[in-house]
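There are 2 protein chains.
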Amino acid sequence: MAARDYGQYGGITRALELVGERWAMLIVRDLLVGPRRYGELAAGLHRIPSNILAARLKELQATGVIRRVPHSRVIVYELTPYGRELEPVVLALGAWGFKTLGDPRQEQVITPDSMTMDLRTAFRQQVAANLPPTAYAARLGPAELFIRVDGSALDVRRGDGTADLAFAAGADIRRLISGELTPHLAIATGVVEVLRGPGDLLERFASTFHLAV
Amino acid sequence: MAARDYGQYGGITRALELVGERWAMLIVRDLLVGPRRYGELAAGLHRIPSNILAARLKELQATGVIRRVPHSRVIVYELTPYGRELEPVVLALGAWGFKTLGDPRQEQVITPDSMTMDLRTAFRQQVAANLPPTAYAARLGPAELFIRVDGSALDVRRGDGTADLAFAAGADIRRLISGELTPHLAIATGVVEVLRGPGDLLERFASTFHLAV
DNA sequence: CCGAATCCATAACGATACTG
DNA sequence: CAGTATCGTTATGGATTCGG
Numbered sequence: 001m002a003a004r005d006y007g008q009y010g011g012i013t014r015a016l017e018l019v020g021e022r023w024a025m026l027i028v029r030d031l032l033v034g035p036r037r038y039g040e041l042a043a044g045l046h047r048i049p050s051n052i053l054a055a056r057l058k059e060l061q062a063t064g065v066i067r068r069v070p071h072s073r074v075i076v077y078e079l080t081p082y083g084r085e086l087e088p089v090v091l092a093l094g095a096w097g098f099k100t101l102g103d104p105r106q107e108q109v110i111t112p113d114s115m116t117m118d119l120r121t122a123f124r125q126q127v128a129a130n131l132p133p134t135a136y137a138a139r140l141g142p143a144e145l146f147i148r149v150d151g152s153a154l155d156v157r158r159g160d161g162t163a164d165l166a167f168a169a170g171a172d173i174r175r176l177i178s179g180e181l182t183p184h185l186a187i188a189t190g191v192v193e194v195l196r197g198p199g200d201l202l203e204r205f206a207s208t209f210h211l212a213v
Numbered sequence: 001m002a003a004r005d006y007g008q009y010g011g012i013t014r015a016l017e018l019v020g021e022r023w024a025m026l027i028v029r030d031l032l033v034g035p036r037r038y039g040e041l042a043a044g045l046h047r048i049p050s051n052i053l054a055a056r057l058k059e060l061q062a063t064g065v066i067r068r069v070p071h072s073r074v075i076v077y078e079l080t081p082y083g084r085e086l087e088p089v090v091l092a093l094g095a096w097g098f099k100t101l102g103d104p105r106q107e108q109v110i111t112p113d114s115m116t117m118d119l120r121t122a123f124r125q126q127v128a129a130n131l132p133p134t135a136y137a138a139r140l141g142p143a144e145l146f147i148r149v150d151g152s153a154l155d156v157r158r159g160d161g162t163a164d165l166a167f168a169a170g171a172d173i174r175r176l177i178s179g180e181l182t183p184h185l186a187i188a189t190g191v192v193e194v195l196r197g198p199g200d201l202l203e204r205f206a207s208t209f210h211l212a213v
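Same order as they appear, the protein sequences are chains L and H.
With UniProt numbering applied, the first sequence covers 1 to 213.
With UniProt numbering applied, the second sequence covers 1 to 213.
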């Protein structure tokens, strides 16, 4: 791993030598959501060439960031404890990037894992702590997420479930999270479509997930 | 800048498109210490090729992370307000990398700016708030730093000054900051050499700057 | 089918030299 | 001092192929 180093001694250079290469941090992002198989990673990072994915997985293993775990018949990759400690880094990056996240370009896709991490980024723990437990079923572009907020705990997983509020939205859910759009306006303009449950709950959603730009 | 994108829509991909390329985050790191001239950046990142530095500076300007400011005769680069908001990202990266920072390799150098940011990473604001104002003059490898702690405020700058404690150390100051070495042992083993002032103050330094591994 | 390895064109990077 | 220009090397991207 000393091949592509910076010739400097310090915490930041060290970190960048471990996870600074192209795609590495996105692999970490997806693995922060949960263990993933090779094919799942390839699907979530749909533009990654398979040789690059294979190379990164090897490097991240060699440096102790991830682990390759054979599970009966399938192989999954998961973060080591040290790798999981990258969560603050990934969240900080996400919060920073979110601020200048415009509208999606034509070729940009939304993946369940990236959306999950963006929701974690926007999650306001101290606000949620004072709200009743709530479950949301959100269809965000192609991603179906089941979001449970209980006290200061957040759980996001793929798929559906019994939710207090079910809604559908596209990438412009961002406008709701940034506060650019009020929940009321988001519904009125069709940015958010309420599928089940009281639309008022979208206000709770918006105050739980908020990231000022 | 959409040339090298990831084809995904999300906060983290957005951030990586802006500052994810090689060397970019290190330029940000050094600019977090203060505005720098082209030559200063080149010196601090001594292994960066000048064409890469020039390219990164252009990209970071184009994306609104840094600004090119003509100052009478010289040109300096500085972070925009948006660029400065990368500080939490850089500190989180530094804290993570610090944990597996071993001993320096032969070719690795210590630069004043990287050392400054590492100190900021390790700074414990809430601990410092309960200590009397203290100034340290530290010679860390080739970097001469004048460190002032006043309440929860930290100021690190290059050069010397009237300090309560002056000391010299090498890269293995890391062992003191990680707690691997007690202040007493650090002095006894020669890891830290006290140049002026009461050596006891090194305990205050160690509790002010601490990052568990 | 999953988890890669291989091949090849292209783009980025790195070292050095060069210019206003 | 603040960059450009050039050119060889390396990494990336895309497609295809291989092995269990």
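Backbone N, C-alpha and C define an ideal beta-carbon position, used for all residues, glycine too.
Query: Test item: CB-CB of residue 179 of chain L and residue 143 of chain L under 9 Å; Result: no
Query: Continuous beta strand (DSSP E) stretch holding residue 145 of chain L: start and end; Result: 143-150
Query: Cβ neighbour criterion (16 or more within 10 Å) applied to residue 107 of chain H; Result: exposed
Query: Cβ distance (whole Å) where residue 172 of chain L is taken to contact residue 191 of chain L below 8 Å; Result: 5 Å
Query: Interface residues of chain H facing residue 123 of chain L [CB-CB closer than 9 Å]; Result: Residues of chain H passing the Cβ test: none, with the nearest at roughly 12 Å.
Query: Test: residue 108 of chain H CB closer than 9 Å to a CB of chain L; Result: yes
Query: Bridge partner(s) assigned by DSSP for residue 214 of chain H; Result: Residue 214 of chain H is absent from the structure shown; chain H starts at 1 and stops at 213.
Query: Environment of residue 50 of chain L [buried if 16+ CB atoms lie within 10 Å]; Result: exposed
Query: Contact set between the region 7-19 of chain L and chain H, restricted to residues whose Cβ is under 9 Å from the partner; Result: 7, 8, 9, 10, 11, 12, 13, 14, 15, 16, 17, 18, 19
Query: Inter-stretch contact at 8 Å, needing at least 3 Cβ pairs: the region 65-76 of chain H / the region 69-89 of chain L; Result: no
Query: C-beta contact flag for residue 91 of chain L and residue 121 of chain L at 9 Å; Result: yes
Query: Cβ pair residue 93 of chain L, residue 11 of chain H closer than 9 Å; Result: yes
Query: For residue 79 of chain H, the first and last residue of its enclosing beta strand (DSSP E); Result: 74-79
Query: According to DSSP, residues forming a beta bridge with residue 71 of chain H; Result: H:74
Query: Beta carbon of residue 158 of chain L nearer than 9 Å to that of residue 145 of chain L; Result: yes
Query: Below-9 Å beta-carbon distance, residue 50 of chain L vs any chain H residue; Result: no
Query: 9 Å Cβ cutoff, residue 99 of chain L in contact with chain H; Result: yes
Query: Inside the UniProt domain "HTH hxlR-type" (10-105) of chain H only - alpha helix (DSSP H) runs reaching at least 4 residues; Result: 11-19, 24-33, 38-44, 50-62, 81-84, 87-98
Query: Residue 30 of chain L versus residue 69 of chain L - alpha carbon distance; Result: 16 Å
Query: Rounded Cβ spacing between residue 44 of chain H and residue 111 of chain H (contact assumed at less than 8 Å); Result: 5 Å
Query: Cross-chain neighbours of residue 81 of chain L in chain H, by beta carbon under 8 Å; Result: Within chain H, no residue comes near residue 81 of chain L; the closest Cβ sits about 11 Å away, beyond 8 Å.
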